[in-house]
Every structure is written in structure tokens, then in C-alpha cells.
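Residue numbers (the working numbering): -16 to 283.
Glycine included, each C-beta is placed from N, C-alpha and C at the ideal position.
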């Protein structure tokens, strides 16, 4: 890798906070290839009247792709998000977001000028109350439809180059599951053919920065739905762990006593459904892949 992984990383920054803003998941935006929504506070595109940003052509690198991806023009993720949009909000100063309506990480206040220190703690060193709040926030995210973002249920070609938008709602937790899957899935070559020797988020120099940004965005979205600006995602320090000491019912869930493929029924997460538990959800994922069905384990 390459440059390709970094182009996807930078693409997330272009549409910062998510993959497909709801405001741009329509034929008008897709056909014009422009995703520059109005900032509700001043009614201008990208908050331009308030000096937050402006609608501009995306900047793409002309660096050659790595040899592990011998294709051009076959993957929607190439030069992300250029296949879908070539004009997006370019935010100024400490502003970010798909309409420049939010503050960059580490900043707060009406004009994003206040520094904000976020402390992330070892999950085994937080109190029972803090741990229960963390689990409750995850559960809320799992059961709250994303207000700002949707997911694609087809490729750009399947959308008839934008004239037939194919998107659907998704809960906030699964939005980030989908984003992780979308960036790391195989390349679709048409029909049932896929190119498996590529991963735009792993096995390359982009691994650390991509996942760092991914977790910051996830943390930020949970802060928004809970109204808890001080919430931070705790970390698991597994350097000296001899096993998965977080895989207990008190934390992320132990193993089912009779079925090794399931969580313990006593786990907080045992009742969670994959893809809302609906067969049509699985078919939507399969539709993205042509004939390749997504392993439900990838959605957990």
C-alpha cells in the first residue's frame, strides 16, 4: 500500500463523520456529484456565511497505485469519494463535518476555539457505574437510527450512475460496523468475480491512522446521541493478557456454554441482532457483493 489506503482515509475526512450524509443520498446530489449541504444554523452551504467552509473540488493525489491493486476504475472506493461526489465541503480552521457544522477533535464551543482535553481510561480501572454507563451508551447506539448518515445498498453502477439512489437507514452502532466492512471488503470485478488481495484499512501503513480516526468518529457520534460531551471510549490494555480477559459477561460477553459460536445468554450483548435479524438485511449486503454473501460474523 499504499496510496490507495490513504486515499480512503482522506476520503473519510472529506465527508468527515460518516460515509454517506443523508442530505446527499439523493439523485440530485449524485448526478451533480456535489455533497455540500446547508449548515442549519445559517442556511448556507457548508456554513460559508459564517466562515466555516465552502464547497470545493476534492483534492486527489496523482501518486501511482501500489502493485497489489492492478486495476483502475473498477472499485467505488478508488479516489474516495470521487466516484460519488467530486465537490464536498472543505472546512476551515477548527471546523469539521459534512456541512462544517461541528468542531474538530479536541475543540469545543460555538466557534470551536475552546480546547477540550479528553481522557481515555483502562476499562478495568473505571468504576462499575462508569462501565455500566459505557454499556448503556453502546446499547443506545445499537437502537438509535443514525440521524445524519445512511448506507449504500448498491454500487454506483447499480445506482445507474446516480439516477437510482440505493441507500437505507441504519442504527448508529451498525453504521460504524458497515464503514469498517465497506473499507476492508474485497474489490468487486463484476458478476461473481472479486479481487481479494486488497484491504484499504489493514495490512498497510494506513492501519493505525485509519482506525484512530474511525474510533474518534465513533466516540464523537456517541457523544452526540447521549448529549455527554465528556464521554470517551475506554481501552483494553491486552499487552500482558494471557487470554481474552475482557470476554466475560461483566464486560464484552463470555462464550455460550453449549454453542461456541454464540455469546453467553447472560451477556449484556446476547440479545443484539445482526442486521436487525432480518433476512432482507443479509440480502442487501449480498447485493453489494454480487453473489458473495457477507459472513454475519463480520457485522458483530
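Check: Residues that DSSP places opposite residue 133 in a beta bridge; Outcome: 3
Check: Delimiting residues of the alpha helix (DSSP H) encompassing residue 209; Outcome: 190 to 209
Check: Residue span of the alpha helix (DSSP H) that contains residue 113, given as start and end; Outcome: 111 to 125
Check: Touch test, the stretch 125 to 135 against the stretch 95 to 103, Cβ-Cβ under 8 Å, three pairs minimum; Outcome: no
Check: Contact under 8 Å by Cβ, residue 171 with residue 138; Outcome: yes
Check: Residue 161 - containing alpha helix (DSSP H), residue span; Outcome: 155 to 167
Check: Option nearest residue 13 by Cα separation, candidates 31, 77 and 70; Outcome: 70
Check: Close Cβ partners of residue 205 (< 7 Å) along its chain, the five nearest in sequence each way excluded; Outcome: 120, 124 and 214
Check: 8 Å Cβ shell around residue 92 - same chain, five flanking residues per side excluded; Outcome: 86
Check: Residue 11 - containing alpha helix (DSSP H), residue span; Outcome: 10 to 15
Check: Strand pairing of residue 73, partner residues [DSSP]; Outcome: 37
Check: Nearest-angstrom Cβ-Cβ length linking residue 150 and residue 8, presumed shorter than 8 Å; Outcome: 4 Å
Check: Residue span of the beta strand (DSSP E) that contains residue 170, given as start and end; Outcome: 170 to 173
Check: Beta carbon of residue 2 nearer than 8 Å to that of residue 132; Outcome: yes
Check: Where residue 108 sits in the DSSP three-state scheme; Outcome: helix
Check: Assigned secondary structure, residue 43 (DSSP; H/G/I helix, E/B strand, else coil); Outcome: coil
Check: Simplified DSSP assignment, three categories, for residue 212; Outcome: coil
Check: Cβ-Cβ distance between residue 74 and residue 39 below 8 Å; Outcome: no
Check: For residue 245, three-class secondary structure by DSSP; Outcome: coil
Check: Buried versus exposed call for residue 10 [16 or more other C-beta atoms within 10 Å across all chains shown]; Outcome: exposed
Check: Per-residue burial, residue 103 [other beta carbons within 10 Å of its own, 16 or more giving buried]; Outcome: exposed
Check: Spatially closest choice to residue 77 from 33, 218 and 56, by CA coordinates; Outcome: 33
Check: For residue 257, the three-state DSSP class (helix, strand or coil); Outcome: helix
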